[in-house]
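Here our numbering is used: position 117 in the sequence shown is 131, and no number is missing along the way. In this text, a Cβ means the ideal position worked out from N, Cα and C, and glycines have one as well.
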Amino acid sequence: MRHKVGTSKLKRDVGARNSLLKNLVTSVIITDYIVTTIPKAKAAQPLVEKMITLAKRDTLHTRRQAAGFLETPASVKKLFDTLGPKFSQRNGGYTRITRLGFRKGDGAELCKLELVGTELVKRAAERAKRREERLKSQQEGAENETSES
């Protein structure tokens with residue numbers, strides 16, 4: 015019987031499932047989001063939260079625990095140097111799952127597992143880029159008017 019066993023098997027044996035989850039968590043930490051199916055995102059979300067909680071403590075022991083789970087040294091470095099301080103004032107809820115619709119090939123429901131707060135940085139960067147382009151076009155328009163006169 016499966017008394018209070020809370021993990022989903024994702025139709026994989028133990029080694030394949032652990033490898034899949036480690037790769038998903040590493041990808042979320044490196045790129046700030048992943049697009050995957052809903053069961054995989056729901057299985058990976060608690061692990062991402064646990065890694066960020068480890069990064070908030072930032073001791074040698076927690077670094078070694080994270081390095082034992084994550085796949086690349088770059089992900090460990092980003093976790094402790096960037097994400098730990100970023101979420102230091104937050105008591106949980108570091109990730110968000112947003113449903114995106116259905117995949118065309120097999121009809122699987124896709125979602126985006128992302129870190130909270132990353133969309134604000136991206137929007138600000140996009141806004142700044144649009145503003146620079148608008149200012150450049152205004153300056154070019156003003157230069158063309160002066161040269162025509």
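Three-state class that DSSP yields for residue 101 in the structure shown | coil
What are the uninterrupted segments assigned as beta strand (DSSP E) that are 3 or more residues long and contained completely in the region 18 to 102, given in chain order?
-> 47 to 51
On the three-state DSSP scale, how would you describe residue 155?
-> helix
Beta bridge counterpart(s) of residue 140 as assigned by DSSP = Answer is none; residue 140 lacks a bridge partner.
DSSP-derived helix/strand/coil call for residue 145 = helix
Looking at the structure shown, is residue 118 part of a helix, part of a strand, or coil, going by DSSP?
-> coil
Where residue 111 and residue 37 are concerned, what is the direct C-alpha to C-alpha distance, given to the nearest angstrom?
-> Inter-residue distance for residue 111 and residue 37 is about 17 Å (C-alpha atoms, whole angstroms).
Closest by CA to residue 125, which one among 59, 99, 93?
-> 59
If I'm right that residue 79 touches residue 97 with Cβ under 8 Å, what's the distance once you round it to whole angstroms?
-> With a Cβ gap of about 15 Å, residue 79 and residue 97 do not count as contacting.
If we call anything under 8 Å between Cβ atoms a contact, is residue 44 one with residue 81?
-> no
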